[in-house]
Amino acid sequence: MVVTVSTGAGLPGPRRPLASGDRIRAWYENELGWPTAPGPGPRLVVGVRFDVLDVPAEAGHAALAHFSRAGEDAAFPVAAQGGRLRLLVAPGSAEEVPGLLDWLEWGGLTLDLVAIGAGGLMDAPPPPGRDAPPGAAVWLRPPGSRDDVESSLPTLSAMGGRRCAADLARLVNTVATQCHRVRLRRAGAEPGPSGSPRVPGKPLKAFSGP
1163 MVVTVSTGAG LPGPRRPLAS GDRIRAWYEN ELGWPTAPGP GPRLVVGVRF
1213 DVLDVPAEAG HAALAHFSRA GEDAAFPVAA QGGRLRLLVA PGSAEEVPGL
1263 LDWLEWGGLT LDLVAIGAGG LMDAPPPPGR DAPPGAAVWL RPPGSRDDVE
1313 SSLPTLSAMG GRRCAADLAR LVNTVATQCH RVRLRRAGAE PGPSGSPRVP
1363 GKPLKAFSGP
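For the sequence shown, my numbering gives the first residue as 1163, with consecutive numbering after it.
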């Protein structure tokens, strides 16, 4: 019997641990199937698996509180960074927002509401349970499993069913209302963000595009 003894020559050495940014990228790509962008600082590619509504944190918190008071489902992911909230919505939604704002009669007003779609990027918050350095993006409401995330993203296709935050038109109207109130209050014209969103000029179920 011949026994071959390997000395280990030519074998690869121990794998080097991934850097923090690489670990974050790997988590998003492997766990959620979200593409990330190359370069410094892990960033998520917008417009593939989700779009983003970027709003002042004060307006975003008020909008989420409105849905909570109404007992409506608002399970979509929300990130926070630098005084802004980023509300994740279904891919393709950013293209619908200008038409929705016009239809909801917000088109003639200046709103600090930015819809980010295809070609956009957002800083990737560390996965749930991991610490974030000062100033980094964090999850206010982290994503769940891959299937749960996709089913929770607000979309126009949810219209006509039960009243829920997954209805993109209601979400846009609520966020626009709170953005407008924040702007008025900062100008000294309104005491605070209370009450329900402004009633749009047409029934929500009638919307079919810009």
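Cβ coordinates follow ideal geometry from the N, Cα and C atoms, glycine included.
Query	Result
Reference P1253, options R1246, I1278 and A1225, closest by Cα	I1278
Buried or exposed by the 16-neighbour rule on C-beta atoms within 10 Å, applied to G1222	buried
Whole-Å CB distance - L1266 paired with N1192, under 8 Å assumed	Between N1192 and L1266 the Cβ distance is about 39 Å, and since that is not below 8 Å, they are no contact.
Inter-residue Cα distance where the pair is P1218 and T1272	13 Å
Inter-residue CB distance, V1210 and A1199 (contact presumed, cutoff 8 Å)	That pair is no contact at about 11 Å.
Terminal residues of the beta strand (DSSP E) in which P1218 lies	D1213 to P1218
Integer Cβ distance of A1419 from V1300, believed to fall under 8 Å	The chain is shown from 1163 up to 1372; residue 1419 falls before or after that span and cannot be answered.
Anticipated Cβ contact below 8 Å, D1285 with G1203, distance rounded	7 Å
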